[in-house]
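Below: one structure, written as C-alpha cells.
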Amino acid sequence: MATTTPRIIIVGGGLAGLSAAIKVAESGAHVDLFSVVPVKRSHSVCAQGGINSAKNLKGEGDSTWAHFDDTVFGGDFLANQPPVKAMCEMGPSIIDLLDRMGVPFSRTPEGLLDFRRFGGTLFCRTAFAGATTGQQLLYALDEQVRRFESEGKVRKYEYWEFLSAVLDSQRVCRGICAMDLRSMEVATFPADAVIIATGGVGAIFGKSTNSVVCTGSAQGALYQQGAAYGNGEMIQVHPTCIPGDDKLRLMSESARGEGGRIWVPRNPNESRPGKQVPEADRWYFLEDWYPKYGNLVPRDIATRAIHKVVHELGLGIQGQPMVYLDLTHIDRATLDHKLGGILDIYEKFVGDDPHDVPMKIFPGMHYTMGGLWVDNGQMTNIQGLYAIGECDYSIHGANRLGANSLLSCIYGGFTAGPNSVKYAGSLGAAPENLAACFENERKRQIEANNLLLNNPGTENPFKLWRELGDVMSRNVTVTRYNDKLQETDAKLVELLERYRNVNLNDKSMWSNQSFLFTRQLYNMLQLARVITQGAFLRNESRGSHYKPDFPERDDVNFLKTTKAFFAPDADEPRFEWEPVDISLIPPRPRRYDTK
Amino acid sequence: MAIKSVLFKIKRQATPTSAPYWEEFEVEWRPGMNVIALFMEIAMNPVTRAGNPTTPINYDSNCLEEVCGSCAMLINGKARMACSALVEHLEQPLTIEPFSKFPVIRDLQVDRSVLFENLKAVQAWIPIDGTYPLGDGPRITPNMQEQAYQLSQCMSCCCCMEACPQFNESTGFVGAATIAQVRLFNMHPTGKVLKDERLQALMGDGGIQECGYAQNCVEVCPKDIPLTKSISSVGADVMKKAILDFFRT
Numbered sequence: 006m007a008t009t010t011p012r013i014i015i016v017g018g019g020l021a022g023l024s025a026a027i028k029v030a031e032s033g034a035h036v037d038l039f040s041v042v043p044v045k046r047s048h049s050v051c052a053q054g055g056i057n058s059a060k061n062l063k064g065e066g067d068s069t070w071a072h073f074d075d076t077v078f079g080g081d082f083l084a085n086q087p088p089v090k091a092m093c094e095m096g097p098s099i100i101d102l103l104d105r106m107g108v109p110f111s112r113t114p115e116g117l118l119d120f121r122r123f124g125g126t127l128f129c130r131t132a133f134a135g136a137t138t139g140q141q142l143l144y145a146l147d148e149q150v151r152r153f154e155s156e157g158k159v160r161k162y163e164y165w166e167f168l169s170a171v172l173d174s175q176r177v178c179r180g181i182c183a184m185d186l187r188s189m190e191v192a193t194f195p196a197d198a199v200i201i202a203t204g205g206v207g208a209i210f211g212k213s214t215n216s217v218v219c220t221g222s223a224q225g226a227l228y229q230q231g232a233a234y235g236n237g238e239m240i241q242v243h244p245t246c247i248p249g250d251d252k253l254r255l256m257s258e259s260a261r262g263e264g265g266r267i268w269v270p271r272n273p274n275e276s277r278p279g280k281q282v283p284e285a286d287r288w289y290f291l292e293d294w295y296p297k298y299g300n301l302v303p304r305d306i307a308t309r310a311i312h313k314v315v316h317e318l319g320l321g322i323q324g325q326p327m328v329y330l331d332l333t334h335i336d337r338a339t340l341d342h343k344l345g346g347i348l349d350i351y352e353k354f355v356g357d358d359p360h361d362v363p364m365k366i367f368p369g370m371h372y373t374m375g376g377l378w379v380d381n382g383q384m385t386n387i388q389g390l391y392a393i394g395e396c397d398y399s400i401h402g403a404n405r406l407g408a409n410s411l412l413s414c415i416y417g418g419f420t421a422g423p424n425s426v427k428y429a430g431s432l433g434a435a436p437e438n439l440a441a442c443f444e445n446e447r448k449r450q451i452e453a454n455n456l457l458l459n460n461p462g463t464e465n466p467f468k469l470w471r472e473l474g475d476v477m478s479r480n481v482t483v484t485r486y487n488d489k490l491q492e493t494d495a496k497l498v499e500l501l502e503r504y505r506n507v508n509l510n511d512k513s514m515w516s517n518q519s520f521l522f523t524r525q526l527y528n529m530l531q532l533a534r535v536i537t538q539g540a541f542l543r544n545e546s547r548g549s550h551y552k553p554d555f556p557e558r559d560d561v562n563f564l565k566t567t568k569a570f571f572a573p574d575a576d577e578p579r580f581e582w583e584p585v586d587i588s589l590i591p592p593r594p595r596r597y598d599t600k
Numbered sequence: 046m047a048i049k050s051v052l053f054k055i056k057r058q059a060t061p062t063s064a065p066y067w068e069e070f071e072v073e074w075r076p077g078m079n080v081i082a083l084f085m086e087i088a089m090n091p092v093t094r095a096g097n098p099t100t101p102i103n104y105d106s107n108c109l110e111e112v113c114g115s116c117a118m119l120i121n122g123k124a125r126m127a128c129s130a131l132v133e134h135l136e137q138p139l140t141i142e143p144f145s146k147f148p149v150i151r152d153l154q155v156d157r158s159v160l161f162e163n164l165k166a167v168q169a170w171i172p173i174d175g176t177y178p179l180g181d182g183p184r185i186t187p188n189m190q191e192q193a194y195q196l197s198q199c200m201s202c203c204c205c206m207e208a209c210p211q212f213n214e215s216t217g218f219v220g221a222a223t224i225a226q227v228r229l230f231n232m233h234p235t236g237k238v239l240k241d242e243r244l245q246a247l248m249g250d251g252g253i254q255e256c257g258y259a260q261n262c263v264e265v266c267p268k269d270i271p272l273t274k275s276i277s278s279v280g281a282d283v284m285k286k287a288i289l290d291f292f293r294t
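Which chain is which? The protein sequence lines are A and B, in order. Add 5 to a position in the first sequence, counting from 1, and you land on the number used in my numbering. Add 45 to a position in the second sequence, counting from 1, and you land on the number used in my numbering.
Printed below as a string of C-alpha cells:
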C-alpha cells in the first residue's frame, strides 16, 4: 500500500469530519467525504456558546492542566485521562489555527481573542464568535475543505447515507456501503481506513436540541456489526432549552456566562409577569445553593436543580415546567455584541424580546457523552475503523463541560486524520476475496432495502418514532429508576416487534425521505436498548446519570467504562466493563458547592 | 388570536422531470407551530384534506432554528425559511412551493449546488499556509470583527438568489450571496492576498455587472446581511480594478 496514494473515507461532515478531512488531504492522501446533508449544514452549525482553550489571555494564571482537571472533574472521573490531557494541550494551537483560518472570533479592545467564562470552571477560557460559534467554526473548516475539493484532494458525496462498513474475512474494515439519497442507488466504496464522525443521537429521544439528521443510525449500524459502544447511558440534558413543537431550541450556556441569572418566583401562585416580580420575591436558586459557581455549575447539576425546583418543590412558573433565565439586567449593547444570535432565536420562535422580558426555559436532551468505544488513537475495536467527535465516547466521561464539545471534535479529527494515514501506510496486501466482501455487503443492503420497501404492514414509522422518543425522554434522561428502565426496555422490544409490521406508504425509488428515516429508525431502536440497559446496570449516580435509589458515586464498583456489544443471537446488547485510566488525577468527590 | 386548524396547499412534484401538482391539507393547530411542524404532522398522518391517502412531504431541513440554511422555500409567495415561519403569523390558506429558480429534486427539495460552485470560483476561503502551529493569528479590531461577523453569517440558503430578478438562466448572474462572500474574504488580513483573483472572477459572464439594484435580496435575507452595501462596495473595487487593468495593459 506504500506506493499508492492512501484513500481515507470520512463519514460525516461536521466539525470532527472536516477536521479529519483537512489533515488527511494536507498529508497528500485522498479523502472521500460522505454526508447526508451539504457539509456546511451539519449539526455543528447549531453550537452556540464557544470553544475552550487555556490560552490564558485574561491574566488569570490559567493552564492546560487546569483545563484538564476541570474537564476530568466535570466528567466525574469516568473518562480515560490521557486523551483528555492531550485534547487540552492541543487547545491553544487549535484556536490559533481557527483564528488564522478567518473565524470571526469576538475581540478585545486590543484586537486579541476574547474569552468568557463557561460552566464548570472558574477561568475565562471560552473563545466565541458572538453566539453562533459552532456555525463560524464549521464555516471556516468548510471553506478549507472546499479549497481542497477544488484541488481534487477531497471528493464530496453529499446526500449520501452510510449504511454499513465493509469488513473483510479478518474483520478488518476495508470500506463502506452507502446509499445515494436521490437515486437510492446502493454502492460500496473501498478505502484504506474509515473515519466515522456522525454526531449525536438526539432523535432517539424524540425532541432534543439536535438537528434532524442526528439519529445515531450509523453508530447503531456499526454496533450491530460488532463495534463496541461505550458509556451509552451518559446522556446530557442541557438545563436551558426553549420548548417547541418541532424541537427543543438551545439557549446557550453563554447567556449565563455573560451574567444571565436563573430564578423562579418564590410564590408558586405568582401571577405577575416576570419583569414585574420584585427582587425580594425572586429565588435565584442556583446562586443560593452553589455560591461559588452560581449559575455556571455544570449542566447535570443545573438540570437536576431545575427539576427539583419544578417537580419536587412545585415552583415552576405558573405551575408550568418552566423557569426564568433573565438577561434584562444586562445592557443592550453587551447583549447584542456577545449574545445576538441566541437572542434572535428566542425572539423569532417565542415572540418575546429577551432584552426586555426574562426568558422561559426548561431542560432538554442535548448531547451524548457515550459513543463508539475508541482507543487513545481514536480507533474503534474494529481494525481500520476510527470514530471522532460526539459519536465517540472518549473525552467527556459522565458529563460534558460546555464549550468542550467543539474542542473535542477538532481534537478527534486532528488525531484520527494523521493516524488513519499512518495506518494506511502500514496495511499489508488485501486478502484475495476482498471483491466478494464488497459485493456481499452491497447485496445484503439491497436485500434489506427491498424487504423494507415491500413490507406489507400497518404501522406508521413516524408514529413509532414518537413513541420511542416519548418513553426515552420520560424514563432515560434526568432521573432514572430501575423499574422504569426495565419497562422502557420492554417497550423498545415491543417497538422492534411492531417495526416488522411497518408500512412505507411512500414506495418511490427517488429521493424517498420516509424510506431513509425508516431504515434509520431500526438502528435507533437497537441503540436505544444499549442506552437503556447500560443505565439499568449502572447502580450509582455519576455525572449526568442519576438514580435516586443509588444517590452516591460508587468508585469501588463503577469506576469503569460500560462497553456494550451486540449479541446477534439474543438480538440485544451484552455488556463488559473496563477500568478507567485515572493515572494522572486521582478521583476526588465532585462537589460544586465547595471545592 | 385563536386558530383551530391550519389550511395549506403544497406544490408537489414526484421527480425532476414529472409535472407538478397541488395537494391540500388541514391539520389541527398547536401553539408555536412552524411550517416544518405541519410537514411532521403529515408524515404521521399522510392524508389530504379530501381524505385521500398520500405520501409524506419531501423537504430539506436540519437545524430547525435558522442557522443551517436547509429549509428555504416559497411560503405565501415569499422566499423564506420554513423553520422560522410561524403559522400564527401567516395568512391562511398557506401556499407552500419549492424555489422556482432552482431545479426541483422532489416536492420542496431543490438543487442549490450552483452557489457552492460559485464559492469555488471566487476562492471563498483564507489561503492559510498549512495547519501546523504558526503562532497567533493577525490582530483584528472589534470593529473589523463586527463587520466580518455580519457577512460571515451567510448560511447559503439562496433566498437572495430566488428573490433576485437578475438571477435567472439568461444572465447566469452569481447572485448577492457570492458577492458578499467576496467582500468578506477581501477584508481579511490574509484573505486579501487573493483580492484581485476574486474580483476578476466577478468580472466575467454572470458577474457583478448583472446586478440591477432591485434590492430584493436584502429584503429577504433571513440573517439581515448587508447585501446591497456589499454589492456596492465590491462593485467599486471591481471598477477600480478595471481601470487599473486598462492602464496596465
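Note that CB positions come from ideal geometry on N, CA and C, so glycine has one too.
Chain-ordered neighbours of residue i on chain A, where CB pairs are closer than 7 Å
| i | result |
| --- | --- |
| B/Cys204 | In chain order: nothing, as chain A lies at least about 15 Å away. |
Straight-line Cα distance separating residue j from residue i
| i | j | result |
| --- | --- | --- |
| A/Pro43 | B/Lys165 | 15 Å |
| A/Trp70 | A/Pro594 | 19 Å |
| A/Lys45 | A/Pro273 | 45 Å |
| A/Met256 | A/Leu458 | 40 Å |
| A/Asn57 | A/Met95 | 11 Å |
| B/Gln168 | A/Arg152 | 7 Å |
| A/Trp378 | A/Cys178 | 16 Å |
| A/Glu577 | A/Glu502 | 13 Å |
| A/Asn409 | A/Gly18 | 19 Å |
| A/Ser155 | B/Leu119 | 32 Å |
| B/Met296 | B/Val132 | This structure does not reach residue 296 of chain B, given that chain B is present from 46 up to 294, and the question cannot be answered. |
| A/Asn343 | A/Asp101 | The sequence given here places Lys at residue 343 of chain A; Asn does not occur at that position. Taking the straight line joining both Cα atoms gives about 20 Å. |
| B/Arg243 | B/Asn103 | 36 Å |
Interface partners of residue i on chain A, CB under 9 Å
| i | result |
| --- | --- |
| B/Val265 | Within 9 Å Cβ-Cβ: nothing; B/Val265 doesn't reach chain A, min ~15 Å. |
| B/Ile253 | Ordered by position in chain A, no residue passes the 9 Å Cβ test against B/Ile253, which lies about 21 Å from the chain. |
Chain B residues whose Cβ lies nearer than 8 Å to that of residue i
| i | result |
| --- | --- |
| A/Ser216 | Asn107, Cys108, Leu109, Cys113 |
| A/Thr137 | Val112, Gln198 |
| A/Ile350 | Glu110, Glu111 |
| A/Asp305 | Chain B residues near A/Asp305: none, gap ~24 Å exceeds 8 Å. |
Listed by chain order, chain B residues near residue i by CB distance under 7 Å
| i | result |
| --- | --- |
| A/Leu102 | Thr176 |
| A/Tyr144 | Ser197 |
| A/Asn460 | Under the 7 Å cutoff, chain B gives no residues; its nearest Cβ is about 16 Å from A/Asn460. |
| A/Ser516 | Asn103, Ile150, Arg151, Gln154 |
Residue i at chain C interface by Cβ criterion, 9 Å
| i | result |
| --- | --- |
| A/His35 | Of the protein chains in this structure, namely A and B, none is chain C. |
Own chain partners of residue i with C-beta closer than 7 Å, once the 5 adjacent residues on each side are dropped
| i | result |
| --- | --- |
| A/Met6 | Model confidence at A/Met6 stands at a pLDDT of 42, short of 50, so the residue's coordinates are unreliable and nothing is read from them. |
| A/Tyr527 | Tyr504 |
| A/Gln525 | Thr220, Ser222 |
| A/Ala30 | Val36, Phe153, Lys158, Val159 |
Neighbour list for residue i in chain A, Cβ cutoff strictly below 8 Å
| i | result |
| --- | --- |
| B/Pro98 | Asn510 |
Proximity of residue i and residue j at Cβ, strictly below 9 Å
| i | j | result |
| --- | --- | --- |
| B/Lys240 | B/Thr140 | no |
| A/Tyr372 | A/Ala421 | no |
| A/Gly204 | A/Val218 | yes |
| A/Cys182 | A/Glu446 | yes |
| A/Tyr295 | A/Thr566 | no |
| B/Arg184 | A/Leu473 | no |
Own chain partners of residue i with C-beta closer than 6 Å, once the 5 adjacent residues on each side are dropped
| i | result |
| --- | --- |
| A/Cys414 | Leu20, Ala21, Gly394 |
| A/Arg261 | Asn300, Leu301 |
8 Å CB neighbourhood of residue i in its chain, flanking five on each side removed
| i | result |
| --- | --- |
| A/Lys297 | Leu127, Tyr597, Asp598, Thr599, Lys600 |
| A/Trp515 | Arg187, Ser188, Met189 |
Taking only beta carbons into account, state which residues of the region 395-425 of chain A come closer than 9 Å to chain B, listed in chain order. Phe419
Can you give me, in chain order, the residues of the region 14-34 of chain A that have a beta carbon less than 8 Å from any beta carbon in chain B? Ile27, Lys28, Glu31
Contacting positions in the region 128-146 of chain B - beta carbon closer than 8 Å to chain A: Cys128, Ser129, Leu131
Please list the residues of the region 360-372 of chain A that have a C-beta atom closer than 7 Å to any C-beta atom in chain B, keeping them in chain order. none
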